[in-house]
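Protein chains: 2
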Amino acid sequence: MSIDLEIARAATLRPIADIAAEAGIPAAGLDHYGHHIAKLTRPYLDSLASRPAGRLILVTAINPTAAGEGKTTTTIGLGDALNRIGRRAVIALREPSLGPVFGRKGGATGGGHAQVVPMERINLHFTGDFHAITSAHNLLSAMIDNQLYWGGSALDPRKVTWRRVLDMNDRALRRVVLGLADGPARETGFDITVASEVMAVLCLAADPADLIARLSRIVVGRTADNAPVTAGDLHAAGAMAALLADAIQPNLVQTLGGSPALIHGGPFANIAHGCNSVIATRAALALGEFAVTEAGFGADLGAEKFLNIKCRSSGLAPSCAVVVATVRALKLQGGDALDPLAAGFANLARHVENLQRFGLPVVVAINAFTGDTADEHRSLIDACAAMGVEAHICTHWADGGAGAEGLARAVAAAADAHDAPLSLTYADDLPLADKIRAVARTIYRAADVAFSAGATRDLARFEAEGHGRLPVCMAKTPYSFTADEKLHGAPSGFVLPVDSVRLAAGAGFVVALCGSVNTMPGLPRVPAAARISLGADGRIEGLS
Amino acid sequence: MSIDLEIARAATLRPIADIAAEAGIPAAGLDHYGHHIAKLTRPYLDSLASRPAGRLILVTAINPTAAGEGKTTTTIGLGDALNRIGRRAVIALREPSLGPVFGRKGGATGGGHAQVVPMERINLHFTGDFHAITSAHNLLSAMIDNQLYWGGSALDPRKVTWRRVLDMNDRALRRVVLGLADGPARETGFDITVASEVMAVLCLAADPADLIARLSRIVVGRTADNAPVTAGDLHAAGAMAALLADAIQPNLVQTLGGSPALIHGGPFANIAHGCNSVIATRAALALGEFAVTEAGFGADLGAEKFLNIKCRSSGLAPSCAVVVATVRALKLQGGDALDPLAAGFANLARHVENLQRFGLPVVVAINAFTGDTADEHRSLIDACAAMGVEAHICTHWADGGAGAEGLARAVAAAADAHDAPLSLTYADDLPLADKIRAVARTIYRAADVAFSAGATRDLARFEAEGHGRLPVCMAKTPYSFTADEKLHGAPSGFVLPVDSVRLAAGAGFVVALCGSVNTMPGLPRVPAAARISLGADGRIEGLS
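Protein sequences appear in the order of chains A and B.
Counting from 1, one number per residue, gives the positions in the first sequence under the numbering used here.
Counting from 545, one number per residue, gives the positions in the second sequence under the numbering used here.
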């Protein structure tokens, strides 16, 4: 059994009603899914709207290694630690996708003694939110091909851009031809559910009415004359919203340390904005003195989009940013330098500087690994101090919340003292191309952006169609500030290529693709699925 | 709003814990899904194994019209009526599929005052069982194409028979070519989830260990030499079972009359056996003096497969069969005869006779419609009496359980008095072709069966591979005793064509396809989805 599953199983979970009661949530505010998971009800969420909000803490990271830097684990450890030092914190995370669970990466519920539980259930179907999103997405797909089959639709079958989705790593579905039995036959493909625009819509919607409005605006394709055709035009948005009626309600679970955690939504961090739902974040802020949340990938992608997309559209604003780093990843960023850790520090320093440009106080969390040395930790703390930033060695993986108390004190102090407005990278009325340039220059430190001819044409079309005020959603490798995943450290002066752009009118952003983005992962030669099973006692074995 | 949804919404639902307590289920035996739905836990199900079983009532029907004869409504009405007359009854039904909900037929929770509730939730995602089946099925699909991609598998890409599934009416997916981005490209298709062998496996499995054993036996394709390749060979069965860990537990809800109802599983009634799960049926028998259940389509398909497949493999045996008929459908069966009702009675008479051949006492339920006349009802009661069978006019749609008390008394008396063994249509050791002939001659009254050359070859292959003792699963039109849906009444002397056969080694039967069977429905020109929406209060509108 994996160490994470072993620790999770050894824990005695408290009834979720008790966790809720401590957070001030009455029994009537819960819809139970077993003894340890509940959804917050719509009337209860409505009742939270008038409460004063707590302070929002955003956990982000340096450019990661393939294994991740432990952002989720640190978010959980920090939440537990804040509660330990008497500052009431609610954690707000994304839901895991089945693809990585059965593929290579495993679950997404933290690790060691900083986990959310019940681990097996959260990592598998949880409360069915992703299945509902899959159904809603594919209902729209079926209604599109149904229109093409019966005829009379203005939609041009060659210009349908809406694909289908499955919550599965299934590379054979990346490109398919369908309609071979009952035409029209056409080429399309499947993405993994987290890449669905419906996922992004759910995560950015304020309430059921806004959900339907956003779903209605989704552009599924174009007419022969290139006029956009929307889900609303196909009368699909209502039924899609009905399928999402439960999925739009946030899920409450507990950490191993007993902190309340809202786990809700999980959009891709490349072609979408990569953070949990606005509804859950707002609920966490209404319930806690602090809401601790995270954004996908490194701060160049995750924090930038959290701030410029999610905060812009919702009015949310963090009071402190935490940058997670590991010695291992910083050494990787340092490459073949004589002192790779010192060289790699440039990557961390730039992320810190970028977050400060947003007007945020920054604290660095060094997520400790057993292979790290005390000298390495010391040198990182000193280097941060030289920048005027506090760094804390965190051992929450081994010690739970007790291992992140220093971090918690620093974060609470910084957030309490914070009183500056959020400074976004670009204004709504900047042209779309200039928004992309602003991110590339300010955050990535590119010298310029090279737009393909198609990207330039499409940006002009989106603006002509009235979408010019949308923010941009950058889709770029998470491993580098540049579009080349092999360029580590803190490169500058490069030209960022924007190969193509996509309109996500329902989600409310324009995606800029810098290089190719894979929206349907494949399974490795020996997938994790081959090790997973069900015991005769009904318990799940082999999850990691 | 539809009348069914209006009635369902006007009802005050009781907490499911109260319904459970009345049925003798302790709080620890429940996993809650909201206030009105719960799953029975595995330890609780295990504790039921040693209890004496109640009596099983099978509700079946004449050959239906496209609208159905009201089997589900009658099953619910009968269950409510049994409880009203002081005989403790638990209802066991199938779960609805999203395909018909968004397509043409609507939901599957009964109607009028004979409904299971909460109607919206049961008809949409319920507890996610079908989503889990979809995921488990498609995980196997992804692992198949993953093996073909990485190479080293003995599986011949041209001989893969395992398809993919979605719980959606999506005709464009009937035939697709996949693998166009990352080969090997091959032709395959999608079925609706209820047609998945995983669905049949879940419904026939006795417990988690049997579930894995059956999943392992699923044949997904063949090698170049035609040797079968199974899910077990691909190391997929364990992870599939893990995805089904919750789905295998039955769901408890209530009727509008307050009766407990277990709703669990829902295999297709053509290429699968069309009834709810063995686990739920057994639980209903352990909890009730009576368990009232139904089987899909008319008795020629539904009851035959309930008895020859489900009862054979599980040891279950009904104590009484109820044949549901409507004046409308009997007239349709009578065609252009001078007295179509009298002529159509031949259809009902043959179903009654067939069920008696299984050794079962039979009661007829006339599901009353407002257009029926008293004379029509009288003539049906008299015609049944002439056969020595009681017929009861039932008004449960309008009156709830009070409208089926006569039926309930007759059913209880017949079941109480029943003491004969079940007489199946064929023995396990009969050759597969002879099993098909036995059903065709005994149940359908065919003169003979015409097997295609391919069917004859494949049956011989299945026997050579050790599957000769499996029962057969007939896939035939539900609208006639013959394979021609236009032949009504009680035809005889015809030749039944068996065009092809399929091995469902996991489910544990050999499918005989008599004519074409559509395993992926399409949406109508204006689908029900276009009328469904989500209110600002979070309530679902437009379901029927």
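Glycine residues also receive a C-beta, built at the ideal position from the N, C-alpha and C atoms.
- In the displayed model, TYR444/A falls within a helix according to three-state DSSP.
- With respect to chain B, the C-beta atom of MET168/A has a partner C-beta closer than 7 Å.
- Boundaries of the beta strand (DSSP E) around ASP191/A: 190 to 192.
- Pairing ALA1034/B with TYR1023/B, the inter-Cα distance amounts to about 11 Å.
- In this structure, VAL603/B lies near GLU838/B, with their beta-carbon atoms less than 7 Å apart.
- Within the stretch 728 to 793 of chain B, complete alpha helix (DSSP H) segments of at least 4 residues are found at 741 to 748, 752 to 761 and 781 to 787, given in chain order.
- Along the stretch 667 to 681 of chain B, the positions whose C-beta sits under 7 Å from a C-beta of chain A are LEU668, HIS669, GLY672, HIS675, ALA676 and SER679, read in chain order.
- In this structure, the straight-line span from the alpha carbon of ASP246/A to that of ILE37/A is close to 14 Å.
- Within 7 Å of the CB of TRP694/B, the CB atoms of chain A belong to ARG525, in sequence order along the chain.
- Inclusion of LEU1040/B and CYS1017/B in the CB contact set at 7 Å is not warranted, their separation being larger than that value.
- Close partners of MET199/A in chain B (Cβ separation under 9 Å) are lacking, with about 15 Å as the shortest Cβ gap.
- Linking ASN347/A to LEU710/B through their CA atoms gives a straight-line distance of about 44 Å.
- Between ASP375/A and ILE381/A, the alpha-carbon positions lie close to 10 Å from each other.
- Here TRP706/B is buried, its C-beta having at least 16 other C-beta atoms within 10 Å.
- Listed in chain order, the alpha helix (DSSP H) runs fully inside the stretch 468 to 532 of chain A amount to none, counting runs of at least 4 residues.
- Distance between VAL322/A and LEU262/A, taken at the CA atoms: about 19 Å.
- Around TYR33/A, the beta-carbon contacts reaching into chain B at under 9 Å are ASP575, HIS576, TYR577, GLY578 and THR671.
- Of the candidates LEU755/B, VAL661/B and PRO728/B, VAL661/B places its Cα closest to the Cα of THR653/B.
- DSSP, read as helix, strand or coil, puts LYS331/A in helix.
- Where PHE369/A is concerned, there is no enclosing beta strand (DSSP E), because DSSP gives it neither an H nor an E.
- Under the Cβ criterion of 7 Å, ASN146/A is counted among the residues facing chain B.
- As computed with DSSP, ILE1084/B is found in a beta bridge with LEU1078/B.
- Contact between the stretch 1041 to 1049 of chain B and the stretch 612 to 619 of chain B is not established, with fewer than three Cβ pairs separated by less than 8 Å.
- For ARG648/B, the closest Cβ of chain A is not nearer than 7 Å.
- Here DSSP, grouped into helix, strand and coil, assigns THR618/B to helix.
- DSSP lists no bridge partner for LYS159/A.
- Boundaries cannot be given for PRO118/A, as no alpha helix (DSSP H) includes it and DSSP labels it neither H nor E.
- Contact annotation: in the stretch 170 to 187 of chain A, residues whose CB is within less than 8 Å of a CB in chain B are ASP170, ARG171, ALA172, LEU173, ARG174, ARG175, VAL176, VAL177, LEU178, GLY179, LEU180, ALA181, ASP182 and GLU187.
- Taken in chain order, the members of the stretch 1060 to 1084 of chain B whose beta-carbon sits within less than 9 Å of a beta-carbon on chain A are MET1064, GLY1066, LEU1067, PRO1068, ARG1069, VAL1070, PRO1071, ALA1072, ALA1073, ALA1074, ARG1075, ILE1076, SER1077, LEU1078, GLY1079, ALA1080, ASP1081, GLY1082, ARG1083 and ILE1084.
- With respect to the 7 Å criterion, VAL90/A and ALA291/A are classified as neighbours on the basis of their beta carbons.
- Per DSSP, GLU390/A is one residue of the beta strand (DSSP E) stretching across 390 to 394.
- For the pair GLY107/A and LEU180/A, the Cα-to-Cα distance works out to about 37 Å.
- Taking the Cα positions, ILE144/A is about 38 Å away from ILE540/A.
- Contact between the stretch 93 to 105 of chain A and the stretch 311 to 321 of chain A is absent: fewer than 3 CB-CB pairs across the two stretches fall below 8 Å.
- Annotated as proximal: VAL511/A and ALA475/A, with beta-carbon spacing under 7 Å.
- For ASP300/A, the closest C-alpha among the options VAL324/A, GLY238/A, ARG171/A and ASN354/A is that of ASN354/A.
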